[in-house]
Every structure is written in C-alpha cells, then in structure tokens.
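Peer 1: In the numbering used here, the protein residues as written are 13 to 525.
Even glycine gets a Cβ: it sits at the ideal position worked out from N, Cα and C.
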Amino acid sequence: MIKKTLEKKLQKIWAECGFPFPTISLELPKNTLYGDYATNIAFSLTKDWRMSPQHAAEKLCDAISTHPEFANSVVFNVQNGFINLRLSDAFLWEQKNQATAFPETTDSTLLEYVSANPTGPLHIGHGRWAVLGSTLFNLLSYVGMPVKSEFYINDAGNQIVKFYNSVDAARKKEPIPEDGYHGAYIHDLAASAKDPLQANLDHHKETLFKLGITFDIWFSEKTLHDSGEVVSTIEQLKKAGMTYEKEGALWFSTVQFGDDKDRVLIKADGALTYFAVDIAYHQEKIKRGFSRLINIWGADHHGYVNRVRAGVAALCGKHFLSEAHFHFIIGQLVSLMRGGEPVRMSKRTGDMITLDEVIDEIGSDATRFFLVNKGPDTHIEFDLELAKTKSAENPVYYIQYAHARLSGILKKITQKTDAPLANWELNPTERQLLLHCVQMPDVLWEAAQHLVPHRVAHYAFQMARYIHLFYETCPIAQADPKDQEKRLLILVTAQKTLAEALTILGISAPTEM
RNA sequence: GCGCUCGUAGCUCAGUUGGAUAGAGCAACGGACUUCUAAUCCGUAGGUCGUAAGUUCGAAUCUUACCGGGCGCACCA
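1. Which of helix, strand or coil does DSSP assign to L223?
2. Report buried or exposed for S64, applying the criterion of at least 16 other Cβ atoms within 10 angstroms of its Cβ.
3. Please report how far the alpha carbon of Q23 lies from the alpha carbon of S56, in whole angstroms.
4. Alpha carbon to alpha carbon, what distance is there between F88 and T17?
5. Which residues bound the beta strand (DSSP E) around K386?
6. Would M254 and A142 be called neighbours here (beta carbons separated by less than 8 Å)?
7. Assign I188 to one of three DSSP states: helix, strand, or coil.
8. Which ranges does the beta strand (DSSP E) cover as unbroken runs of at least 3 residues, wholly within the segment 211-292, from first to last along the chain?
9. Distance, Cα to Cα, E186 vs F394?
10. State the DSSP-derived secondary structure class of G47, mapped to helix, strand or coil.
11. Output yes or no for whether 8 Å exceeds the beta carbon distance between L517 and A459.
12. Apart from the five residues on each side of it in sequence, which residues of its chain come closer than 6 Å, Cβ to Cβ, to V90?
13. Going by DSSP, what residues sit across from H135 in a beta bridge?
14. With DSSP run on the structure shown, which of helix, strand or coil describes Q490?
15. Determine which residues share a DSSP beta bridge with D395 and list them.
16. What does a CB cutoff of less than 6 Å around K234 pick up in its chain, not counting 5 residues either side in sequence?
17. Counting only the same chain and skipping the five closest in sequence on each side, list residues whose C-beta sits under 7 Å from that of I165.
18. Would you check if there are 3 or more beta carbon pairs closer than 8 Å linking the segment 104-119 to the segment 433-451?
19. Considering only the beta carbon of each residue, do L223 and I371 sit closer than 8 Å?
20. Just mark A472 as buried or exposed, buried being the case when its beta carbon has 16 or more other beta carbons within 10 Å.
21. Assuming F482 is part of the beta strand (DSSP E), what are its boundary residues?
22. Take G323 as the anchor and find which of H314, G315, L333 has the nearest alpha-carbon.
23. So, with DSSP's three-state summary, where would you put R98?
24. If I measure Cβ to Cβ from M157 and keep anything under 7 Å in the same chain, skipping five residues before and after, which residues do I get?
25. Can you tell me the Cα-Cα spacing of R360 and Y197, whole angstroms?
26. Specify, as a first and last residue, the run of the alpha helix (DSSP H) that H448 falls within.
27. Ends of the beta strand (DSSP E) at L178?
28. Could you say which of G260, D119, V289 lies nearest to G280 if we only look at CA atoms?
29. At what residues does the beta strand (DSSP E) containing T121 begin and finish?
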C-alpha cells in the first residue's frame, strides 16, 4: 500500500528532524499536474510557527527532499502551501512487483444482508442489498478481514401464518383472506405440492445464485424459538432489571440506550414481538463469536435501527452502540419504472417486477454494476425500458471491453519475461495506467474501512478509461522491441488488476466481446 | 407534527479526515477506423453544488434555519 507506506515514512522522518506530527495523511490532488499525492500539513502549522503555509511547507520539504529514504523514489515540490509528491518511474515498477500486506484485523465480522421474508419473490430493492452485501463481502475478504455472510430467514410469526393461510385458501379454491398475500405467485405455489415456504426460499437461492451470490449461513428464525433462545433473552433482560410491565405487556426500557421510546417485548395477548425475537437473534450472533456486526437494511426499516442497537448494547455491552462494532448500511429504495410509469413492487398486489425478471432482461453483470455503482444513500430510479434499450451503453460493457481488448493483444503476441527491462521510462499514458494499478490496494483498503463498495466500481471504471487510452495511443504489435516489452508488462499488470477488481464486483471479465 | 435520508451539468451519478481551477457517463455538436476489437479515442458546449446565514486561512463537504423529494414513526413482520 503505497499511500500508507509514504504516510508512515514521512511521519517518521519528520519526527527525526524535530517535527513530530501525530499523523500525516496524504490526499490525491484533483489536478494531477500537482503530483501523485499531496499533504496539507503546512496549513495547520501557520499559527504555531507564525509563518505562511507556503513558508512552512518549504521548511518541511527541505527536511525531507534530500533524505536518502526517498532518493530515486519520490520528488517533492511545494505549491500554494501544499507539499506535493511525485513518484518516480523506477518506484512504480518496483511497486508493481510488491505483494500487498494488508494490516491484520482482529475483529471477526458477521455481515447480514438481504434477509427477505420467504413469503414472496425478491424485488429490485432486495437486489440492491444483495449486490451491495456481496460486493462488500468480497471486499472485506480481499483485504483479509475475517467475515461470514448470513441470510436471516423469517420463517416464524404472524406473516408466515398468513402466508400459509393464503396458499391453503388458493389450494381449496377459496378466496384469499383480506389480510393475506394476493400475488399471482400464490396460485403458482398452490399448484405445487411443495411446501410453499421452502419453495420461495429455494427460489430466492436460485435468483441470488444468478447474481453469483451465495451465503455462508442461512439462519432460521424458527430455531431461535425452538431452542428457547428468545425466552432466555427475555429472562436475562428481566434479571438485569431492564424490563417493566405496563397495560398487560412486558416492556424493555431501550430509551436508556439511545432509543426514542421504550419497546414491547411480550404483547398483552402473550405473543412475542418481532423485536423480542430480533434482539435474541443479534445476541445469538455475538454468542457465536462475532465481535463486529454489519447489517444491510432497506430504508423502509431504518426506524428500527436504534431499538435493535439499544437492545444489543443492553445485552452485550455498550461498545455495540458504536458504529465500529455494529454498523448499519441503510440502502435507499429503488423505484422501478417502465417507460416512465412507476411499477409497484408490493408483494400483495401481484403487480410487480421481480428481481428474477430484471436479471433475465438485462443480465447479471449489468444488474450488479448498476446496483453497486451508486452509493447506498442515493435513491435510484431505474427504468427497465431504458435499461434494455441502452444496455449496450451501460458502463459495465465499457469496463469489460477494456479487459477483452487487452486479452486480444495477448492472444497475438507472446510475452517475453525473463530479460531485464531495457527501457522502463514511462510516457504519461503508460504511467497513468501503471500508477492506477499499483494504487489498487490503497483503494480497496479504504473502501473496506469505510464500508463503501461502490468505490470499487468507480475504481474499475477509471481503470477501464486508462486502459482504453493506453490501447489507443500505445501500440504494442508494431512498437520497437524495447517499448513492446515494457508495454506488455504494463498490459499484463493492468489486465490482472482489472480482473481482480471485477472479481470483487462479481462481474465477469470476458476475454473477447 | 417528529425522526432518518437525499438535493451537484438537460438526464443518471462521483466527489475520500474540510483543501489548489467542481468531475465522469449518457444525451448534443465537431473530428479519428487500410492499424493489437471503433462496445473505443480526441475536441466543443453545458454549474447561483436546493435557499439563506454561521464556523475559518479555506465549505459541495461541518453547524443552524428554511424549501423540495423519498422512507419511517405499531402491543405488524
């Protein structure tokens, strides 16, 4: 990781020179003319040092610019108070061959996502959480964080009863209860002898598999009831004095843990609330040894975040109030349009487009890219007609084409590897591409730290841009042997790097298109 | 009404702990295929970063108020 390494080096050397800074953080200048990295440290010194940022930066730069540690690797210059760093070509070549060692993480993470009710088919919103979750999972795994993925199956409770009643009614050719499920799929389920819940679940698995998604753990809610976990969780809360009775119900005072009001655990009719089950579930996760929980939820459940967090904090320790140990990613909903008209997505109407249909229409790669390319906080408006007619212009093809083009060259030209590189000087296009390649570990590490999978998509797109430019302006077949050798090495690196990014995104890297 | 969230180019969206002249794609316009794949590249045009204050060397980013969209506010799941 270049950036981290440079930050540490700078900090160390400045400390030796008598400038102890707690941390140095490098940023990527917007304008690449300034350099590859920059630091604004001088701006924070103006008061103490009683000098202008420019002056302070020059002083700091003097201390390091001739340091042997940076000889042949970094060129410094000061502009507008910023200290700019430019990496040498030799350094870039060296980095290309360096294996990345990501810092070790002690936390063991459980990533729960999708967790759709098995009472109906998955819709595009589920697709979004699914793609976000699986990309995040790939990302965390890639940077060496221990992580397991889990799908929580809501196979108990009221909705399940209503669901079974609906299918039963359909089987008996009776009208479906008012408060039941009225989708057309209910009749399909009724026509089959299979258990309808299991049938839905199998269908979920198939749909997710089409997107290349599998889960480490499928966790059944029913097992929490059967094992007595829910009851014992409530007992535990009672003993801790965190519950009280009011109007015939048992309440949990979650307010003291940041919730805006207290919540019912056992209703006046003696039934458990979903909340009671859910905190038992989350406690169970921690009992299984996970020290960090990440949940991806739809925005329609965001009002639920605080009470679950409060519950977990009460049972398992206040550190779960912190995002570092219990993180929620709230995915905004996806509005599905067809020809400018909104498509309703309710499971109860029957008038819905399923995730399955979307994947069949535009393909897994495009579906994944479209859903992961945007931050989870944005509201996506997705027009199916538009997606179909413009599928050839989808950025995912731009990226895949970049990979295919490189493959095309490799098919025609075989690479000679062993000879030492005769010409390692980089022209701007070559340099841009190689630099971007060796920066991947930094990008992935930071994306993993901030839990922002969409940054991987942007990285891949940027990579494709540089590859196309390289392809257009740096011929290989007709280049002289020195350039050819050098460019082939860059090409192989770029192709491998892009393929890795695509793997994390769960998108195929075709060798021809 | 309260809470969460979003508002950046005509459209869809990036913009990293606050940094240098605000960034892409699509759409529009003009160029580049006798070449390793033109699903590409180059160029032009496009902006009161919702509005108004505040914080400071410096704000799209932080604070407050308002405007507008989405979603939540159950002894449903």
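Peer 2: The short version:
1. By one-based count along the first sequence, residue 223 stands at place 211. If DSSP states are grouped into helix, strand and coil, L223 belongs with coil.
2. As a position in the first sequence, residue 64 is number 52, starting the count at 1. When all chains shown are included, S64 counts as exposed.
3. Locating residue 23 in the first sequence gives position 11, where the first residue counts as 1. Locating residue 56 in the first sequence gives position 44, where the first residue counts as 1. Going by the C-alpha atoms only, they are around 15 Å apart.
4. Walking along the first sequence from the start, residue 17 turns up at place 5. Walking along the first sequence from the start, residue 88 turns up at place 76. Going from the Cα of T17 to the Cα of F88 covers about 16 Å.
5. For the purposes of this step, residue 386 is identified with residue 374 of the first sequence, where counting begins at 1. Neither: K386 is in no beta strand (DSSP E) and is coded neither H nor E.
6. Within the first sequence, residue 254 is the residue found at index 242, counting from 1. Within the first sequence, residue 142 is the residue found at index 130, counting from 1. Not closer than 8 Å, so no.
7. By one-based count along the first sequence, residue 188 stands at place 176. It is coil, neither helix nor strand.
8. 229-232, 255-258, 261-264, 275-278
9. One-based indexing of the first sequence puts residue 186 at position 174. One-based indexing of the first sequence puts residue 394 at position 382. Each residue's Cα considered, the two are about 37 Å apart.
10. Start at 1 with the first residue of the first sequence, and residue 47 comes out as number 35. Correct three-state label for G47: coil.
11. Mapped onto the first sequence, residue 517 falls at position 505. Mapped onto the first sequence, residue 459 falls at position 447. Not a contact, by the Cβ cut-off of 8 Å.
12. In the first sequence, residue 90 corresponds to position 78, counting from 1. Taken in chain order, the residues that qualify are A69, E70, C73.
13. Within the first sequence, the letter at position 123 stands for residue 135. Bridge partners of H135: T366.
14. Position 478 of the first sequence, counted from the start, is the residue given in the question as residue 490. It is coil, neither helix nor strand.
15. The residue you call residue 395 lines up with position 383 of the first sequence. The partner list for D395 (beta bridge, DSSP) reads M349.
16. Walking along the first sequence from the start, residue 234 turns up at place 222. Cβ within range, chain order: D167, A168.
17. In the first sequence, the residue the question calls residue 165 occupies position 153. Excluding residues within five positions, the ones whose Cβ falls inside 7 Å are P130, L213, W230, F231, S232, E233.
18. yes
19. Locating residue 223 in the first sequence gives position 211, counting from the first residue. Locating residue 371 in the first sequence gives position 359, counting from the first residue. In contact: L223 and I371 (Cβ atoms closer than 8 Å).
20. Here residue 472 refers to the residue found at position 460 of the first sequence. The residue in question, A472, is buried, as its Cβ has 16 or more Cβ neighbours within 10 Å.
21. Sequence index remark: in the first sequence, residue 482 carries index 470 (1-based). No beta strand (DSSP E) holds F482; the alpha helix (DSSP H) holding it covers 466-485.
22. Working through the first sequence from its first residue, we reach residue 323 at position 311. Cα-wise, what sits closest to G323 is L333.
23. If you number the first sequence from 1, residue 98 lands on position 86. It is a strand residue.
24. Locating residue 157 in the first sequence gives position 145, counting from the first residue. So the qualifying residues of the chain are T117, T121, A460.
25. Looking up residue 360 in the first sequence gives position 348. Looking up residue 197 in the first sequence gives position 185. With a pLDDT of 40 at R360, under the threshold of 50, the modelled position of that residue is not reliable, and the figure given next carries that caveat. Those two C-alpha atoms are separated by around 10 Å.
26. Numbered from 1 along the first sequence, position 436 holds the residue referred to as residue 448. It spans 440-450 - the alpha helix (DSSP H) in which H448 sits, taken as one unbroken run.
27. If you number the first sequence from 1, residue 178 lands on position 166. It should be noted that the sequence gives Ser, not Leu, for residue 178. Per DSSP, S178 belongs to no beta strand (DSSP E); it is in the alpha helix (DSSP H), 170-183.
28. As a working mapping, residue 280 is identified with position 268 in the first sequence. For the sequence presented, residue 280 should be read as Ala rather than Gly. Selected option, being the one with the closest Cα: G260.
29. Position 109 of the first sequence, counted from the first residue, corresponds to residue 121. 121-124 is the span of the beta strand (DSSP E), which, as asked, contains T121.
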